[in-house]
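S.K.: Below is one structure. I have some questions about it.
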């Protein structure tokens, strides 16, 4: 599933569940799907829908803490963790504006045990340029924070799903897509609940930068090399002219070296 196009993930997952219905729970829990955008009816703000805020057919808004459609028995974070979740959503909304300019972000926290809690920080940006270009970036960061005295230990699993589709005269049809998953662990000082937000933001920022650089250098760089090796943007006539000029320059340099060699030989004979 990680090697199939992210934009077709939902359809492929549905077909796979039809083939192996006994694996439905495992597949839904382990296969990352592209995020969906939904609007909070109470606060009037967009939020992201994923398995981290879904309970059955209802989805919880991080802005109002209410489910849509309403569900009285669905889980919600404790009051203490809810206050931290509200602050995290405001902080990561600023982060989204700085790094993505547009798009949607959401953060969801849930209680784990007495000394730990877990959460997910999500980002999605969709770009379209009419019918000639479209693409999407989905970042899914799932973490677990464990308090250890004055320090906190964080374990992060990050997944990025990216696709870009173009159909232009100069490039033709191009569909480039894929996903990447990385894990990391870190310890940071902890003295108050709000420190968790800064620590989680730091580790997510570092991870996103590393994954973005890897995508740019390895995947897009390799694709660019392959395309440049297969197809040139210059016309065939210009390429032939440059080849003839290069051949003529090489020939003249060879004749000049030959003439210099003869002149040196004549001087030595004299």
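Numbering (my numbering), first residue to last: 1 to 270.
All residues carry an ideal CB built from backbone N, CA and C; glycine is no exception.
(1) Starting from the Cα of residue 127, find the closest Cα among 76, 22, 166 and 225 and give me that residue.
(2) Please check the pair residue 177 and residue 2, which I expect to be a contact at CB under 8 Å, by giving their CB distance rounded to whole angstroms.
(3) Is it buried or exposed for residue 124, if we count other Cβ within 10 angstroms and need 16 for buried?
(4) Could you pull the DSSP bridge partners for residue 92 from this structure?
(5) Which residue or residues does DSSP assign as beta-bridge partners of residue 117?
(6) Within a Cβ cutoff of 8 Å, which residues of the same chain sit near residue 132, ignoring the five residues on either side of it in sequence?
(7) Between which two residues does the beta strand (DSSP E) holding residue 227 run?
(8) Determine, using beta-carbon pairs with one atom in the segment 12 to 29 and one in the segment 180 to 195, whether at least three such pairs fall under 8 Å.
(9) To which residues of the same chain is residue 197 closer than 8 Å at the C-beta, ignoring the five residues directly before and after it?
(10) Per DSSP, what are the beta-bridge partners of residue 132 in this structure?
(11) When we look at the beta-carbon of residue 263 and count the other beta-carbons within 10 Å, is it buried (16 or more) or exposed?
(12) For residue 36, which residues in the same chain have their Cβ closer than 6 Å to its Cβ, ignoring the five residues on either side in sequence?
M.R.: Walking through what the data contain:
(1) 166
(2) That pair is no contact at about 11 Å.
(3) buried
(4) According to DSSP, residue 92 bridges with nothing at all.
(5) Answer is 111 and 145, bridged to residue 117.
(6) 166, 167 and 168.
(7) That residue, residue 227, is in no beta strand (DSSP E); its alpha helix (DSSP H) goes 221 to 230.
(8) no
(9) 84, 87, 88 and 91
(10) DSSP, once it has assigned bridges, lists no residue as partnering residue 132.
(11) exposed
(12) 49
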